[in-house]
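The opening residue of the sequence shown carries number 8 in this note's numbering; numbering runs sequentially from there. Each residue gets a CB set at the ideal place from its N, CA and C atoms; glycine is no exception.
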Amino acid sequence: MTTRVLTGVTTTGIPHLGNYAGAIRPAIRASQQADVDAFFFMADYHALIKCDDPERVAISRRAIAATWLACGLDVEKVTFYRQSDIPEIPELSWMLGCVTGKGLMNRAHAYKASVDKNEAAGVEPDDGVTMGLFSYPVLMAADILMFNAHKVPVGRDQVQHLEMARDIAKSFNHLYGRGKELFVLPEVQVEEDVALLPGLDGRKMSKSYDNTIPLFEGGAKALKAAIARIVTDSKGPGESKNPDDSHLTALYKAFATPEQTQAFRQQLIDGMAWGEAKDALHQLLEAMIAPMRDRYEALMARPQDIEDLLQVGARKARAYATPFIHELKAAVGLR
Ligand code: TRP
């Protein structure tokens, strides 16, 4: 039996090295397995919840698509599309909203965090909370249930959304299924260890900490400049260094073979200078990234090529979504 694996990326940013190691690389690897039917999409309707800058959303959609393609996503094997190209998703989102308790949404972490912040600031609990933010988990459930995904790889912070998607699917099945499971109950798949790629300062690599290493953005120069800014201790050349004490080792290890990592660690113990260690990391990363960066730049220079591929993806996705939404509408009485 093939497993349908589905995941989405909100289009508000430009992918960095942490996104590559934590999400893009494992997702592409998983998609290459023979028994996996992968659906990857850009959650551009979700982007509107977090970002009201049209230019930023537009650039991000293009950059994310080009990144996934440049990193080796095979559009023949994977269904790769934009959420906003599939009108059945917002249609389903409405139907799901009609079986979702408001109380369930009240418990969503992202919404509760906003309320807590407002209460701490002494303003109305719902100050600045849009209906988009409040019903975020309903749209996400629609993304997943539209294609009856079995497995959904996400970060830790998304686990609750998957639980909600299951609850919503159960309600719908119960109300309208007439004994038939209209929706598959999706399972969450948390990428445990890969999410731990450290940033320049040793904390988790994240845009919000401003400690990222760019993947393609800014080219070879920006990669080198970022590596130069990795924080180390003040041990000088020739002094023995503890490889386990440095996030430089963790970064190196994430992209090296075990043998390369072993040699790198030994060199640090033997007194390799931090400057040399950074050079070694730079060489390793540049060799891995350069061919992908060339593809990325070629794609970014030809937006129509990206668009054509995404339209193929949209057609593939809708070949499933269109008949299924008819079935679902019929089930609720919209025949
Ligand atoms: N909410 C996810 C995130 O912020 C993105 C997303 C939207 C998603 N829809 C999805 C992930 C459906 C998996 C499945 O990371």
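With burial defined as no fewer than 16 other Cβ atoms inside 10 Å of the residue's Cβ, what is the status of threonine 264: buried or exposed?
exposed
Same chain, Cβ closer than 7 Å to valine 238, neighbours up to 5 away in sequence not counted
Leu207, Asp208, Gly209
Which whole-angstrom value is the C-beta distance of alanine 45 and alanine 37, which I expect to be below 8 Å?
7 Å
Tyrosine 27, buried or exposed, once every other Cβ within 10 Å from all chains shown has been counted against 16:
buried
Take every Cβ of the segment 120 to 132, pair it with every Cβ of the segment 168 to 175, and state whether three or more of those distances are shorter than 8 Å.
no
Considering only C-alpha positions, which residue in the set Leu230, Leu222, Glu334, Arg325 is nearest to alanine 73?
Leu222
DSSP state of threonine 10 mapped onto helix, strand, coil
strand
Please classify valine 145 as buried or exposed, where buried requires at least 16 neighbouring CB atoms within 10 angstroms.
buried
Measure the alpha-carbon distance for glutamate 314 versus leucine 13 and round it to whole angstroms.
21 Å
State the start and end residues of the unbroken alpha helix (DSSP H) segment that holds aspartate 51.
51 to 57
Assuming leucine 189 contacts alanine 338 (C-beta within less than 8 Å), just tell me the rounded distance between them.
6 Å
Got a sec: does the ligand TRP put a non-hydrogen atom nearer than 8 Å to the Cβ of leucine 55?
no
Would you mind reading off the limits of the alpha helix (DSSP H) that contains threonine 107?
That residue, threonine 107, is in no alpha helix (DSSP H); it is neither H nor E in DSSP.
3-residue-minimum beta strand (DSSP E) runs that sit fully inside the segment 118 to 172, ordered along the chain
158 to 161
Close beta carbons around valine 195, own chain, < 7 Å, minus the five adjacent residues each side
Val159, Val161, Val166, Leu169
For the 8 Å Cβ check, are there 3 or more pairs between the segment 275 to 282 and the segment 230 to 246?
yes
Are isoleucine 96 and tyrosine 52 touching if we call contact CB-CB under 9 Å?
yes
Is the segment 97 to 104 touching the segment 317 to 336, taking contact as three or more C-beta pairs under 8 Å?
yes
Where the beta strand (DSSP E) through glutamine 196 begins and ends:
194 to 197
Per DSSP, cross-strand counterpart(s) of threonine 17
Ala50
What I want to know is whether the C-beta of glutamine 311 ends up closer than 8 Å to one or more non-hydrogen atoms of the ligand TRP.
no
Taking glycine 15 as the reference, which of Ile151, Ala257, Glu126 has the closest Cα?
Ile151
If I'm right that alanine 54 touches threonine 17 with Cβ under 8 Å, what's the distance once you round it to whole angstroms?
5 Å
Please indicate yes or no: does the CB of methionine 212 lie closer than 8 Å to some heavy atom of the ligand TRP?
no
Contained alpha helix (DSSP H) runs [length at least 4] in the segment 184 to 257, N- to C-terminal order:
226 to 235
Let me know the secondary structure DSSP gives arginine 302 once reduced to three states.
helix
Does the ligand TRP have a heavy atom nearer than 8 Å to the CB of isoleucine 20?
Just to set this straight, residue 20 is glycine in the shown sequence, not isoleucine. It does not: the Cβ of glycine 20 is nowhere closer than 8 Å to a heavy atom of the ligand TRP.
Paired residues, beta bridge with phenylalanine 179 - DSSP:
The partner list for phenylalanine 179 (beta bridge, DSSP) is empty, contrary to what the question assumes.
Cβ-Cβ distance between glutamine 90 and phenylalanine 47 below 9 Å:
no
With which residues is leucine 45 paired in a DSSP beta bridge?
Reading the sequence as shown, one finds alanine at residue 45 and not leucine. DSSP, once it has assigned bridges, lists Val12 as partnering alanine 45.
Near leucine 192, what residues of its chain come up, given a Cβ to Cβ distance below 6 Å and the 5 sequence neighbours on each side ignored?
Arg173, Ala176
Does DSSP put threonine 264 in a helix, a strand or coil?
coil
Among the candidates Arg309, Thr107, Leu204, Thr137, whose CA atom is the shortest distance from the CA of lysine 57?
Thr137
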